[in-house]
Amino acid sequence: MHINRVIHYCWFGKTPKPDSVLAYIANWREMLPTYQIIEWNEDNFDIDCCQYVKEAYAAKKYAFVSDYARLLALYQHGGVYLDTDVEVCKNLDPLLARGVLTFGFEEGHYAATSTMIAPKASTFIADFIDSYHARHFIDSNGKLDTTTNVQVLTALLEAIGLAKNGVEQVLHYQDEEIVVLPQRFLSPFDYLNHQDKSSDHTYTIHHFSNSWASVSSLRKNKIKKLIGSRGVRVLRKILSTRFNTNNV
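Mind the numbering: the sequence shown is residues 543 to 790 in our numbering, read in order.
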């Protein structure tokens, strides 16, 4: 099945793109000069298309708006979806030439959504989209549903036989073939321990920059980068003990 040489990305919120995002887009143009690049935003995507998206946008949780928009873009046009913090390391033509829906593992053996390759009108993508239509982003108590699309995708793939072992797998959904590649191909960065596991096999690297993250979230990520996951756990334990002692 033919897959179009199109890169889709999302930018909601009507804020200027930081230099880091502009640099990634420039990287795509350099590495994939024959690919069309389409930005999805408020001007070409209906933010009132379903209740989940409408509520996520109203709450200014644009990453969750993107979760839906990227799927619709892939379904309607086919091609490649990239997060705005994804670096392209080499030409994606060999992956597109396979003509099948393609995902890759990220750290923790979850299926990543930062790089996705899909033929137009994929049945699996259609049902992935449909999974949002029965959901609310904000429940009756005002609580936000922050379930990530990585969690949703992984669960959908597990339901059709995915083993969370990081090994390349070929799955089947109705009449569609789905390939899930090992981590080193599409998302080799270990965000838990901040280690780069890229290799000669790597096509893209998701750098987990959190384009829509709050200032506090970015600060937490910065601390984690400096002292590591284990350091964060130790620091949290120390602060918790100190706080409890001071409030006895």
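Yeah, the Cβ is synthetic: ideal placement off N, Cα and C, and Gly gets one too. As the structure is a computational prediction, the values presented were derived from the model and not from experiment.
Cβ neighbour criterion (16 or more within 10 Å) applied to residue i
{"i": "G684", "result": "exposed"}
{"i": "P730", "result": "buried"}
{"i": "V735", "result": "Just to set this straight, residue 735 is Asn in the shown sequence, not Val. N735 comes out exposed."}
{"i": "S664", "result": "buried"}
{"i": "H748", "result": "buried"}
{"i": "I667", "result": "buried"}
{"i": "V712", "result": "exposed"}
{"i": "E700", "result": "exposed"}
{"i": "T576", "result": "exposed"}
8 angstroms Cβ cutoff met for residue i and residue j
{"i": "L723", "j": "E710", "result": "yes"}
{"i": "F670", "j": "L613", "result": "yes"}
{"i": "A654", "j": "G646", "result": "yes"}
{"i": "K556", "j": "E581", "result": "no"}
{"i": "I728", "j": "Y715", "result": "Note on residue identity: the sequence assigns Leu, not Ile, to residue 728. Cβ distance not < 8 angstroms, so L728 and Y715 don't count as in contact."}
{"i": "L624", "j": "A660", "result": "no"}
{"i": "I545", "j": "L638", "result": "yes"}
{"i": "G620", "j": "K662", "result": "yes"}
Assigned secondary structure, residue i (DSSP; H/G/I helix, E/B strand, else coil)
{"i": "Y745", "result": "coil"}
{"i": "W570", "result": "helix"}
8 angstroms CB neighbourhood of residue i in its chain, flanking five on each side removed
{"i": "N569", "result": "E629, V630"}
{"i": "L574", "result": "R547, I549, V630, N633, L634"}
{"i": "S740", "result": "C631, R726, P730, F731, I747"}
Sequence-distant residues of the same chain with beta carbon closer than 7 angstroms to residue i, five excluded per side
{"i": "S751", "result": "S562, D627"}
{"i": "Y594", "result": "Y610, Y674, R677, H678, F679"}
{"i": "F587", "result": "A611"}
Own chain residues within Cβ distance below 6 angstroms of residue i, not counting five before or after
{"i": "K706", "result": "H651"}
{"i": "H743", "result": "R726, F727"}
Exercise. Could I get the ranges of all uninterrupted beta strand (DSSP E) runs contained in the segment 638-726, with 3 residues as the minimum, in chain order?
Key: At a cut-off of 3 residues, the continuous stretches assigned as beta strand (DSSP E) that sit fully inside the segment 638-726 are 643-648, 657-660, 711-715, 718-723.
Practice problem: For the segment 585-627, list the beta strand (DSSP E) runs that are entirely contained and at least 3 residues long, ordered along the chain. | Solution: Secondary structure within the segment 585-627: the beta strand (DSSP E) runs of 3 or more consecutive residues, fully enclosed, are 621-624 (chain order).
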